[in-house]
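Report on one structure; see the data block that follows.
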Amino acid sequence: MKKVFVKTYGCQMNAYDSVKMTDLLAPLGYAATDAPAGADMVILNTCHIREKAAEKVYSELGKLKQLKRDREGMLIAVAGCVAQAEGEEIVRRAPVVDMVVGPQSYHRLPEMIARAARSQGKAIETDFPALEKFDTLAPPQSSGVSSFLTVQEGCDKFCTFCVVPYTRGAEHSRPAQAILTEACQLVEKGARELVLLGQNVNAYDGDGWSLARLCDALAGIDGLQRIRYTTSHPRDMADDLIVAHGDNPKLMPYLHLPVQSGSDAMLEAMNRQHKADDYRRLVDRIRNARPDIAMTSDFIVGFPGESDADFEATMQLVRDIGYATAFSFKYSKRPGTPASTMRKQVAEDVKAARLDALQKLLLSQQHAFDDSQISKTLPVLFEKTAREAGQLMGRTPYLQPVHVMADAALIGTTANVKIERRTANSLHGVLA
Ligand code: SAM
Ligand code: SF4
Numbered sequence: 006m007k008k009v010f011v012k013t014y015g016c017q018m019n020a021y022d023s024v025k026m027t028d029l030l031a032p033l034g035y036a037a038t039d040a041p042a043g044a045d046m047v048i049l050n051t052c053h054i055r056e057k058a059a060e061k062v063y064s065e066l067g068k069l070k071q072l073k074r075d076r077e078g079m080l081i082a083v084a085g086c087v088a089q090a091e092g093e094e095i096v097r098r099a100p101v102v103d104m105v106v107g108p109q110s111y112h113r114l115p116e117m118i119a120r121a122a123r124s125q126g127k128a129i130e131t132d133f134p135a136l137e138k139f140d141t142l143a144p145p146q147s148s149g150v151s152s153f154l155t156v157q158e159g160c161d162k163f164c165t166f167c168v169v170p171y172t173r174g175a176e177h178s179r180p181a182q183a184i185l186t187e188a189c190q191l192v193e194k195g196a197r198e199l200v201l202l203g204q205n206v207n208a209y210d211g212d213g214w215s216l217a218r219l220c221d222a223l224a225g226i227d228g229l230q231r232i233r234y235t236t237s238h239p240r241d242m243a244d245d246l247i248v249a250h251g252d253n254p255k256l257m258p259y260l261h262l263p264v265q266s267g268s269d270a271m272l273e274a275m276n277r278q279h280k281a282d283d284y285r286r287l288v289d290r291i292r293n294a295r296p297d298i299a300m301t302s303d304f305i306v307g308f309p310g311e312s313d314a315d316f317e318a319t320m321q322l323v324r325d326i327g328y329a330t331a332f333s334f335k336y337s338k339r340p341g342t343p344a345s346t347m348r349k350q351v352a353e354d355v356k357a358a359r360l361d362a363l364q365k366l367l368l369s370q371q372h373a374f375d376d377s378q379i380s381k382t383l384p385v386l387f388e389k390t391a392r393e394a395g396q397l398m399g400r401t402p403y404l405q406p407v408h409v410m411a412d413a414a415l416i417g418t419t420a421n422v423k424i425e426r427r428t429a430n431s432l433h434g435v436l437a
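For the sequence shown, this note's numbering gives the first residue as 6, with consecutive numbering after it.
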């Protein structure tokens, strides 16, 4: 058996793609390994969303150079969004790389490996044959209790700061039947929760099926206990999806709905195509359908032209909404995007101070949300053993990790847990 090591950077979609690439290589005799040393093939599945991510890849490639020298025939592939964006530049900058494969063409890895084995030079595939990819991928070989399932890819929104429309291509939804088939296969392999993935997952349109309709059909799968989806755009939050949060008992009360900024001027400059108050009203409607829903978001601070007042509008939006948790980033210039050449770029120290203030506020909201669960009894889906002996890690409907002393036989099942306390990043409780 040969060994393949896949290192994943970035989003959940990359995590899904890494599993698919590993499954794709199994028939060629490759088994997954968890370290690059001794591997016959190393795949770096990269992310291009922020500047440092690409630099990390080049530094990782520097480290792999020695390993490749020591192991004859070792193949190195760069996959993912850096591969898509940089293409041939990668082999120019890092000749140690044998193949470069974009996120829409990794189903071609087996032929690329064959080509490399025949020493036919570097293989570079950065086409966008999205339809072809899913048709040729192997069925899942295994599954965790919680499993990702890509239902939609690409983006047509062109937010002015973002590289995704350039690296992942146009919005494209997989047919509902193909998704239902893969969902059944994952449940058969042990999945109890499915997290439906898409860059704009709520824009899902599978031959007329909306995401709500897809979730309803998935809810009919015996053995599947929970459904989640990520990431959604405020503009695509359709009425039937909001209703589904009240009606579909398997759809979890958790919604990642990035807003990026609370300032209308910044939202316009970002090309988000909605105002801050539209978002407030949308969240009200979602909370009417599902009052306990945990809201989460992404924020960018220091977008070009962001004034103190713009930043304060973001802080006010956060105070108004009350998030269960959220991600926040300093604006990072991405080559080729409109924002990268905008005037009035914000100074690094201003960005850092704003990020710090925002993160403090978000963390205090996260702690308040977690504390509000203490002494409640919640259904927890157990995913795996925890670090401490005899302890399991599971999640509440709101995606909070919970640690509980419980028999490993409970993994893959849902049990009621009385929440007792919170530590920095998780809850602790006892079986009720
Ligand atoms: N499609 C999702 C949406 O519209 O909200 C998000 C996809 S993106 C992979 C994830 C997050 O990365 C974004 O929500 C944004 O906050 C952040 N991001 C994207 N480009 C960025 C940039 N140039 N600088 C800083 N953060 C960025
Ligand atoms: Fe990027 Fe905007 Fe598309 Fe999200 S909606 S992937 S932030 S361009």
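For each residue, glycine too, the CB sits at the ideal point set by N, CA and C.
Nearest to residue i by CA position, among the options, is which residue?
i: D227; options: V192, R240, Q204; result: V192
i: K61; options: A181, A44, V87, L262; result: V87
i: D297; options: L397, G327, P115; result: G327
i: I54; options: A90, N253, L202, K73; result: A90
i: I305; options: H177, F316, A40; result: F316
i: A36; options: G149, D412, A362, M6; result: M6
i: R324; options: K8, F166, L368, T346; result: L368
i: G395; options: E187, Q405, D221, V409; result: V409
i: I247; options: I291, T51, K57; result: I291
i: V106; options: T141, L66, N50; result: N50
i: L360; options: R400, K381, D313; result: D313
i: T333; options: Q350, D103, H261; result: Contrary to the premise, residue 333 reads as Ser rather than Thr in this sequence. Of Q350, D103, H261, the residue nearest in Cα terms is H261.
i: S64; options: L415, A391, A344, I95; result: I95
Within 10 Å of its beta-carbon, does residue i have 16 or more other beta-carbons around it, so buried, or fewer, so exposed?
i: H238; result: buried
i: G341; result: exposed
i: S147; result: exposed
i: S124; result: exposed
i: L202; result: buried
i: L33; result: exposed
i: E198; result: buried
i: G78; result: exposed
i: Q405; result: buried
i: V9; result: buried
i: V206; result: buried
i: E393; result: exposed
i: P263; result: buried
i: Q265; result: buried
i: A413; result: exposed
For residue i, which residues in the same chain have their Cβ closer than 8 Å to its Cβ, ignoring the five residues on either side in sequence?
i: K138; result: Q109, S110, Y111, H112
i: R218; result: A181, D245
i: P258; result: H250, R295, D297, I298, A299, P402, Y403
i: G225; result: none
Specify the secondary structure class of residue i as computed by DSSP and reduced to three states.
i: I305; result: strand
i: S369; result: helix
i: P384; result: strand
i: M347; result: coil
i: L202; result: strand
i: L114; result: helix
i: V62; result: helix
i: F153; result: strand
i: P3; result: Missing from the structure shown is residue 3; the chain here goes from 6 to 437 and no further.
i: K25; result: helix
i: A128; result: strand
i: T165; result: coil
i: E56; result: helix
i: K335; result: strand
i: E91; result: helix
i: K389; result: strand
Skipping 5 residues on each side, what residues in its chain have a beta carbon closer than 7 Å to that of residue i?
i: R240; result: Q278, H279
i: P384; result: P402, T419, N421
i: L287; result: P239, M242
i: A373; result: none
i: G399; result: V385, L386, F387, E388, V407, V409
Since residue i is in the beta strand (DSSP E), which residue starts that stretch and which ends it?
i: K7; result: 7 to 13
i: R426; result: 419 to 427
i: Y234; result: 231 to 235
i: R292; result: Looking at the DSSP string, R292 is not in any beta strand (DSSP E); the run it does join, the alpha helix (DSSP H), is 281 to 294.
i: V435; result: 432 to 436
Note the first and the last residue of the continuous alpha helix (DSSP H) segment covering residue i.
i: G251; result: 244 to 252
i: R76; result: Run containing R76: none; DSSP gives neither H nor E here.
i: V323; result: 313 to 326
Residues in the same chain with beta-carbon distance under 6 Å from residue i, minus the five sequence neighbours each way, listed in chain order, please.
i: T131; result: Q89, G92, G107
With a threshold of 6 Å, establish whether the CB of residue i neighbours any heavy atom of ligand 4.
i: Q109; result: You won't find ligand 4 in this model; what it holds is ligand 1 and ligand 2.
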